[in-house]
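Novice: The opening residue of the sequence shown carries number 7 in my numbering; numbering runs sequentially from there.
From the three backbone atoms N, C-alpha and C, an ideal C-beta is built for every residue, glycine too.
The structure is given below, and queries will be raised subsequently.
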Amino acid sequence: MGRPRSFDTDQAVSTAATLFATHGFEGTSVDDLVTATGIHRGSLYKTFGSKRSLHLTALRNHLDHEIHPATAAVATLTDPAQALASAIASYDSGPAAGLLLLAAAERAPHDPDVAALVAEGIAALEDALRPSHGDAAPQLASTVLGTRLRLHARPTAPKEH
7 MGRPRSFDTD
17 QAVSTAATLF
27 ATHGFEGTSV
37 DDLVTATGIH
47 RGSLYKTFGS
57 KRSLHLTALR
67 NHLDHEIHPA
77 TAAVATLTDP
87 AQALASAIAS
97 YDSGPAAGLL
107 LLAAAERAPH
117 DPDVAALVAE
127 GIAALEDALR
137 PSHGDAAPQL
147 ASTVLGTRLR
157 LHARPTAPKE
167 H
C-alpha cells in the first residue's frame, strides 16, 4: 500500500495550466512542472501519467472552470455590444486565458485530443455569441480569439519618450 497523496491535485493542475499558458507545451519541461508544483517527478507521473496527460487535464480544467462559465455568462446578454465586450474580457483575463489559444496553435494540429478540446472551447464562444449576434457569431468569435492571439504574440516594446 502506497503513501497517501501529499499534494493538492487541483492546485497542481492549476499551476501546470499557468505554465502551459505562459510557455506553451513544448516550452514547459517536466523539470519546470516539478519545480513549480513542488511534486516529485515520480508522483507527477504516477498521478498524471505523462506531461501530455497533464496538459490535457489542464486544458479540460480550463474549459470546465474558465471557458464554459465565461461563455455561459456571455450567452445571457442580449445587447450585442455588452455580449461582445464580455466575450473579449473573458478571453483576456487571468494567467491561463491564453491556454486555449496556445493549445490551438501548438498542439491541435498534431494531437487529435487537444484539437477536440480546442474545438469545444471555440464552439462554446460561438454558441455564447449566437443569441446576441445570430449568424455573425462565428466571425465575431474568430475576431475575439484572433485579437487575443495577436495581443499574446506581440512582443513588449520599450516605451517611447
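1. For Ala109, name the three-state secondary structure that DSSP assigns.
2. If we define contact as Cβ-Cβ less than 8 Å, is Asp119 a contact residue for chain B?
3. So, helix, strand or coil for Arg156, using DSSP?
4. Assign Leu157 to one of two classes, buried (16 or more other C-beta atoms within 10 Å of its C-beta) or exposed (fewer than that).
5. Check whether the segment 20-33 touches the segment 82-93, counting contact only when three or more Cβ pairs, one atom from each stretch, lie closer than 8 Å.
6. Thinking Ile73 and Gly127 are a contact (beta carbons under 8 Å), I'd like their distance in whole angstroms, please.
Specialist: According to the data block:
1. helix
2. Judged by its chain identifiers, the structure shown contains no chain B, having just a single protein chain.
3. helix
4. exposed
5. Output reads no: the segment 82-93 does not touch the segment 20-33.
6. Right, the Cβ-Cβ distance comes to about 5 Å (below 8 Å), so this counts as a contact.
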